[in-house]
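Enquirer: Structure in structure tokens, see below.
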Amino acid sequence: MKTKFLFIILFFISYFFSEVSAQENLIICNEGIWQSDNGRLSYYNAQNGTMTNDWFRSINGIKLGDTPNDIQMINDTLIAIAINWSNIIQYIHPDGTACGATENVPNNRKLCSDGKFLYVTSYAHICGNQTFTKGYVAKIDIKTKNVVSTCEVGWEPEGICLYKGKLYVANSGGYAFTENHEYETTIDIVDAETMTLLRSVDTHCINLYGNMSQAGQYLCVNSCGDYYEQSPKTIIFDCETETYTIFDFPSTSNSTDGNLFYTIGSEFSYLTNEYVYHIYTIDPVTKTATYGVYNDAITQKITQMVSPYDLYISPYTNNIYITDAKSYASSGYIYGYTKNGTEVFSPQKLYVNPAHILALPDKTTKIHHINNDYDDSETVYNLYGYKTQTTKTGIYISKNRKKYFINKHN
Amino acid sequence: MIIVVLMSLFLNNEVEAQTALSDSIYELNEVVIKGIKTVTPNQTISRKHLEALPSNSIADALKYMAGVQIKDYGGLGGQKTINVRSLGSQHVGVYLDGVRITNVQNGTVDLGKFSLSTLESVSLFNANKAEMLMTASEYSSASTVYLKTHRPDSTGFMASYSNGSFGTHKINALFTYKKSAFIDASFTHSDGDYPFEYHTEYEDTIGTRRNSDITMFRIEGCAFYKGWQWHTYFFNSKRGLPGGVVRRLSDKYTDVGREWDRNFFSQLTWREQYGNMGLRAIMKYTNDYLHYRSDYPENISAHANNKYHQQDLYGAAAASYKYKDFGLSASTDFRWADLTNDVKNFHYVYRLDSKSSLSAFYNKKGWNINASLLYSDISDHTNRKGKSLNKFTWNALASYSFGNWQLRSFYKTVFRAPTLNDLYYTLVGNRNLKPEYTKQFDLGFSYDHKWLNLQADWYYNRVEDRIVCLPLKGTYQWTMLNYGYTRCMGVDVTANFNIKNHALLLTTTYQDDRNRTDKNEDSYNDYIAYSPKWSLTAVYTFKYKNLTTSLSHMFVDKRYWTAENEIEEPLPAYNCTDLKIGVRIKKKYTAEFECQDLFDSRYEIIQRWPMPGRRYAMTLKCVL
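Chains H and Y supply the protein sequences, listed in that same order. Note that this note's numbering has the first sequence beginning at 0, numbered continuously upward. Note that this note's numbering has the second sequence beginning at 261, numbered continuously upward.
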């Protein structure tokens with residue numbers, strides 16, 4: 000009797016703590032070393048507070064592959080990982096078990112999804128039997144995991160985001176140093192339904208390389224410059240008006256809480272051989288940038304890192320996670336803070352070159368409750384982590400919980 | 261224990277050949293080199309033993325020496341370089357008849373390009389030789405490999421054909437004119453496409469190494485007249501460059517790179533002794549061309565098509581004077597090297613490199629002391645050039661001999677200058693690089709007996725300001741940086757036994773090679789990647805009448821391949837056994853059978869670059 004009572008108390012205590020600290024499980028892609036076949040997934044189990052650095056391989060008994068580039072939640076049971084040098088898109092369940100792979104998009108780069116289809120950018124000029132002069136976007140049906148259509152875009156397309164049925168693709172032209180073309184400056188707009196190129200918007204900034212984050216109608220795009228005469232920039236792109244604002248600093252790594260963009264930019268010039276670091280928060284509505292992210296302590300922490308490698312804001316908790324790749328040859332570390340600056344966990348040791356973080360909504364497979372009486376201002380996310388509105392009846396994520404929302408306006 | 265076999269590598273002193281081993285399969289009589297009791301640790305494999313080794317290039321001979329690690333990307337076409345005492349391959353100078361083989365673009369010499377068939381001997385000296393009349397360049401590397409060209413003793417013609425595994429064909433022809441000249445030509449083709457396997461906890465991979473073919477042609481000739489020697493060499497090859505083996509679902513999408521190489525050099529050397537005075541002069545012109553292509557429709561990665569053209573003009577003069585127990589040797593040399601290429605943003609560059617050395621010798625009652633000073637002045641001329649370098653470095657060597665014993669010690673400090681790629685390559689080069697320094701200290705002994713030669717050395721060395729390629733902080737772009745300090749402590753032991761028809765060489769290498777870069781790093785004090793703690797080799801030869809049998813074995817301990825050791829399982833230790841049997845028929849003909857990696861042990865030297873496993877070759881030779 001006594002023990003039963005104790006268990007009930009313990010249950011409530013643990014439930015209380017998990018609610019308060021708002022911890023979440025994380026998946027981190029470790030890129031490893033190119034051509035060493037040592038890409039790895041790390042998994043942070045918030046319940047136990049443990050980090051596993053051989054998650055995928057210990058569950059599946061196979062290696063992940065060479066240089067994982069991006070990780071994307073497709074729906075609450077499916078996650079896609081673009082493994083660049085293995086020419087594979089690997090699918091896993093949130094518990095880490097492998098469930099298929101797509102081979103036909105070699106040299107794949109970045110991913111986005113609407114829950115039914117997965118869109119992938121590729122540097123290659125081949126996709127199954129199709130060939131392309133420049134790069135392309137492939138549309139993969141999640142049910143069959145086959146490429147159903149493609150669309151040729153610019154040279155070496157990188158970041159890709161979906162907004163109101165259109166794909167926004169940032170072209171880098173990153174092979175310009177060796178290939179017979181220049182760096183790209185365009186964002187291509189592709190109709191996701193028909194996979195046709197609608198138009199290109201010239202940003203006049205070269206080499207649109209790296210991660211691209213999306214806050215509603217706004218995109219944050221990094222322009223690397225050429226490391227010589229052309230300095231790096233940050234472009235805030237408005238998908239509604241197809242206009243953009245340029246900031247004079249790079250956002251090598253960027254993420255968003257749904258409203259603001261948080262960026263770490265590293266500027267290097269071969270002419271001066273010097274680095275300049277930029278840490279900024281950008282408001283895409285007012286088009287202003289302020290120094291620092293979240294607060295001084297976190298900003299200070301980033302400046303102290305050896306090699307900040309990725310910055311990620313959890314869409315569910317707004318926790319900030321930053322990886323430090325250290326010497327790029329030994330283990331990197333991850334630092335996590337809540338918005339007010341408290342540590343989510345003590346710095347966790349990862350594997351080599353950790354980047355591309357994905358937060359998992361807590362207890363992804365369980366619906367917490369049905370909600371038909373709620374405040375419209377409540378922040379909700381769709382199942383692949385994008386901030387959304389509850390305009391349709393369905394499952395959403397709110398306050399780190401999965402809930403069924405019945406649209407009361409209908 | 262390793263039971264092993266094969267032929268004899270004579271270390272240190274070149275002992276007079278055993279009767280049973282005196283035959284040369286080529287029937288070209290040996291020129292017996294007079295033994296030089298040198299001060300520094302050194303190992304030599306002479307001509308007759310080179311012939312008994314199953315080998316394709318000088319890398320196959322060097323791998324049996326103590327303190328040597330071979331870097332081999334697998335297959336006949338895979339690049340082969342050596343690393344001595346963990347100092348790094350760019351600190352090993354390779355010298356053909358005392359003239360350094362250079363590559364101003366990347367600083368490494370691919371040993372696969374040089375044949376053993378024209379050589380008198382292959383020697384490795386830690387630090388440098390301690391001889392009079394050395395050129396300044398001979399002092400400028402941390403370890404030195406000497407290739408000595410064979411001077412023919414008879415007039416004749418030899419032709420051979422060899423057929424081996426993975427579609428390998430080799431045709432060789434040699435014409436010799438007694439004491440004065442030879443011309444040696446060979447054509448080799450190999451399909452590659454060898455099988456490989458990986459079986460570990462996380463994978464079961466069976467595959468074929470595609471795009472590992474090579475076709476190469478080499479012709480070289482050398483003329484000798486008194487103190488003059490004129491050597492001309494031409495090499496041409498085309499090869500596939502397979503990448504590391506990574507997880508793929510099929511062979512459908514590939515990354516294809518191909519390379520064409522053309523190397524030419526002509527060198528004229530002269531040396532003469534006038535009583536107590538010695539004079540030496542060298543002239544050399546080198547012309548190297550490299551073409552790399554990856555712009556094939558099926559290639560899924562960057563499509564490149566670049567040509568690199570290097571020229572190198574070298575002149576050296578040295579003089580020595582001996583007075584009683586003292587000797588003095590001075591040398592100066594000058595090198596002009598340029599690089600033309602069509603890589604974007606990589607401008608034409610030429611380098612002026614001049615070196616001068618002054619060396620003093622003292623030799624009395626068993627004492628042998630040598631101290632040298634080297635001055636290097638290197639400047640580049642290009643768009644936005646790096647700072648010029650001018651540095652003094654020095655070394656001191658000493659030995660004391662008594663009875664059959666010799667005690668010896670040396671200290672040497674020397675640097676390697678950043679290569680033109682390190683400094684100027686588009687998007688990677690860094691003009692602010694400092695030279696990479698090595699410091700070596702060695703203490704050892706050797707012992708000679710009628711049938712035994714034994715030597716052992718303990719050493720301690722440091723590499724400072726290592727030149728490495730690292731990603732720029734967060735910019736996804738890599739660049740060259742001075743980053744890292746390593747220190748290596750080790751022991752090299754070699755033992756040679758020569759009893760009647762049998763010859764046996766045993767070597768043991770122990771090394772403790774650690775990262776001492778930054779105490780705050782997780783990899784601090786970890787073992788350096790690819791530095792095994794132990795490696796053992798054994799080579800045994802037995803000769804009876806017309807039959808020569810040789811068996812050689814290598815054991816290499818586990819090797820970590822990540823800078824931080826604990827995060828990955830090391831590459832497992834491996835054993836590799838080679839066998840070669842030669843039979844001479846009716847004086848004119850020789851048939852040779854060889855099998856490399858007899859027990860088909862699947863191993864890698866570089867992680868994800870598998871070696872070919874067991875392979876056979878059959879060779880027929882005919883002498884006219």
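All C-beta atoms, glycine included, are put in the ideal place defined by N, C-alpha and C.
By alpha-carbon positions, which one of His762(Y), Ser632(Y), Val382(Y) and Phe477(Y) ends up nearest to Asn523(Y)?
Expert: Per the Cα distances, Phe477(Y).
Enquirer: Tell me which same chain residues have a C-beta within less than 7 Å of the C-beta of Pro502(Y), skipping the five on either side of it?
Expert: The answer, listed in chain order, is Arg469, Arg470, Asn471 and Ser472.
Enquirer: Leu712(Y): which of Ser450(Y), Asn664(Y), Leu407(Y) and Phe606(Y) sits nearest, CA to CA?
Expert: Of Ser450(Y), Asn664(Y), Leu407(Y) and Phe606(Y), the residue nearest in Cα terms is Asn664(Y).
Enquirer: At the level of alpha carbons, what is the spacing between Asp75(H) and Pro93(H)?
Expert: Whole-angstrom Cα-Cα distance: 8 Å.
Enquirer: DSSP three-state label for Trp530(Y), please.
Expert: Of the three classes helix, strand and coil, the one that applies to Trp530(Y) here is strand, per DSSP.
Enquirer: Can you name, in chain order, every residue of its own chain whose Cβ lies under 6 Å from the Cβ of Ser199(H), other than the five neighbours on each side?
Expert: For Ser199(H), where only same-chain residues beyond five positions count, the Cβ hits under 6 Å are Thr185 and Asp187.
Enquirer: By how many angstroms is the C-alpha of Thr767(Y) removed from the C-alpha of Ser268(Y)?
Expert: Only weak support is given to the placement of Ser268(Y): the predicted model assigns it a pLDDT of 31, under 50, and the value that follows is read from those uncertain coordinates. In a straight line, the C-alpha of Ser268(Y) is about 12 Å away from that of Thr767(Y).
Enquirer: Three-state secondary structure (DSSP) at Trp520(Y)?
Expert: Three-state DSSP puts Trp520(Y) in a strand.
Enquirer: For Pro231(H), count neighbouring C-beta atoms within 10 Å of its own C-beta (all shown protein chains included) and say buried if the count is 16 or more, exposed if not.
Expert: It counts as buried.
Enquirer: Looking only at its chain, what residues have a beta carbon closer than 7 Å to the beta carbon of Asn366(Y), apart from the 5 residues adjacent to it on each side?
Expert: Thr679 and Asn681, listed in sequence order.
Enquirer: By the 10 Å Cβ neighbour count, where 16 or more other Cβ atoms means buried, how is Ser282(Y) classified, buried or exposed?
Expert: Caution is warranted here: a pLDDT of 29 is assigned to Ser282(Y), below 50, making its placement in the model unreliable, and the coordinate value is therefore given only provisionally. By the neighbour-count rule (16 or more Cβ atoms within 10 Å), Ser282(Y) is not buried but exposed.
Enquirer: Check whether the Cβ of Lys604(Y) sits closer than 6 Å to any heavy atom of the ligand COA, and report yes or no.
Expert: Of the ligands one can find in the structure shown there are none, so the ligand COA has no counterpart to examine.
Enquirer: With a threshold of 7 Å between beta carbons, is Thr468(Y) in contact with chain H?
Expert: Thr468(Y) does not count as touching chain H.
Enquirer: Interface residues of chain H around Asp782(Y) at Cβ under 7 Å?
Expert: The contacting residues are Ser329 and Ser330.
Enquirer: Classify Lys294(Y): buried if its beta carbon has 16 or more other beta carbons within 10 angstroms, exposed otherwise.
Expert: For Lys294(Y), the predicted model reports a pLDDT of 28, less than 50, meaning its position is unreliable; a value from the coordinates is still stated below. So Lys294(Y) ends up on the exposed side.
Enquirer: Please list, in chain order, the chain H residues whose beta carbon lies closer than 7 Å to that of Val516(Y).
Expert: What Val516(Y) touches in chain H: nothing, since even the nearest Cβ is about 12 Å away.
Enquirer: Just how far apart, CA to CA, sit Lys672(Y) and Asn775(Y)?
Expert: Their Cα atoms are separated by approximately 21 Å.
Enquirer: Lys859(Y): buried (16+ other C-beta within 10 angstroms of its C-beta) or exposed?
Expert: The residue asked about is misnamed: residue 859(Y) is Phe in this sequence, not Lys. That one is exposed.
Enquirer: Just to confirm my understanding: we take Ile141(H), look at its own chain, exclude 5 residues before and 5 after, and list those with CB closer than 8 Å. What are they?
Expert: Closer than 8 Å at Cβ, skipping near neighbours: Ile73, Asn74, Leu77, Ser112, Gly114, Lys115, Phe116 and Leu117.
Enquirer: Anyone know if the C-beta pair for Thr395(Y) and Asp593(Y) falls short of 7 Å?
Expert: Yes, Cβ-Cβ distance for Thr395(Y) and Asp593(Y) is below 7 Å.
Enquirer: By a C-beta neighbour count over all protein chains shown, 10 Å radius and 16 as the cutoff for buried, is Tyr286(Y) buried or exposed?
Expert: Note that Tyr286(Y) scores a pLDDT of 29, beneath 50, so its modelled location is shaky and nothing firm can be said.
Enquirer: With 16 as the cutoff for other CB atoms within 10 Å, does Met537(Y) come out buried or exposed?
Expert: Exposed, since its Cβ has fewer than 16 Cβ neighbours within 10 Å.
Enquirer: When the Cα atoms are used, what is the spatial distance from Arg56(H) to Thr242(H)?
Expert: The alpha-carbon atoms of Arg56(H) and Thr242(H) are separated by roughly 44 Å.
Enquirer: What is the DSSP secondary structure of Asp585(Y), reduced to helix, strand or coil?
Expert: Residue state, collapsed to three classes: coil.
Enquirer: Taking DSSP as the reference, what is the three-state secondary structure of Ser20(H)?
Expert: Residue placement at Ser20(H) is flagged as unreliable, the pLDDT there being 46, under the threshold of 50; the coordinate-derived value follows with that caveat. Helix.
Enquirer: For Ala677(Y), which residues in the same chain have their Cβ closer than 8 Å to its Cβ, ignoring the five residues on either side in sequence?
Expert: Same-chain partners within the cutoff: Asp613, Ser636, Ile638, Leu649 and Pro695.
Enquirer: Could you give the uninterrupted runs of the beta strand (DSSP E) lying entirely in the region 260-311 of chain H, keeping only those of 3 residues or more?
Expert: The qualifying runs are 260-268, 273-282 and 287-290.
Enquirer: Are the Cβ atoms of Thr304(Y) and Ser381(Y) separated by less than 7 Å?
Expert: Yes, Cβ-Cβ distance for Thr304(Y) and Ser381(Y) is below 7 Å.
Enquirer: Going by DSSP, what residue range makes up the beta strand (DSSP E) through Leu687(Y)?
Expert: Neither: Leu687(Y) is in no beta strand (DSSP E) and is coded neither H nor E.
Enquirer: How would you list, in chain order, the residues of chain H whose beta-carbon sits under 7 Å from the beta-carbon of Asn690(Y)?
Expert: Under the 7 Å cutoff, chain H gives Asn272.
Enquirer: Ser268(H): which of Gly689(Y), Ala576(Y), Leu634(Y) and Thr428(Y) sits nearest, CA to CA?
Expert: Out of Gly689(Y), Ala576(Y), Leu634(Y) and Thr428(Y), Gly689(Y) has the C-alpha closest to the C-alpha of Ser268(H).
Enquirer: Please state whether the Cβ-Cβ distance between Asp332(Y) and Ile788(Y) is less than 7 Å.
Expert: Result no, Cβ atoms of Asp332(Y) and Ile788(Y) do not sit closer than 7 Å.
Enquirer: Return yes when the Cβ of Ile297(H) is within less than 7 Å of the Cβ of Tyr336(H), no when it is not.
Expert: Taking 7 Å as the Cβ cut-off, Tyr336(H) and Ile297(H) qualify as a contacting pair.
Enquirer: State the DSSP-derived secondary structure class of Ser41(H), mapped to helix, strand or coil.
Expert: Ser41(H): strand per DSSP, three-state reduction.
Enquirer: Would His349(H) and Ile333(H) be called neighbours here (beta carbons separated by less than 7 Å)?
Expert: Inspection of the sequence shows that residue 349(H) is occupied by Leu rather than by His. Yes, the pair counts as a contact, with Cβ atoms nearer than the cut-off.
Enquirer: Taking beta-carbon pairs under 9 Å, can you tell me which members of the region 168-182 of chain H lie near chain Y?
Expert: Listed by position along the chain: Gly173, Tyr174, Ala175, Phe176, Thr177, Glu178 and Asn179.
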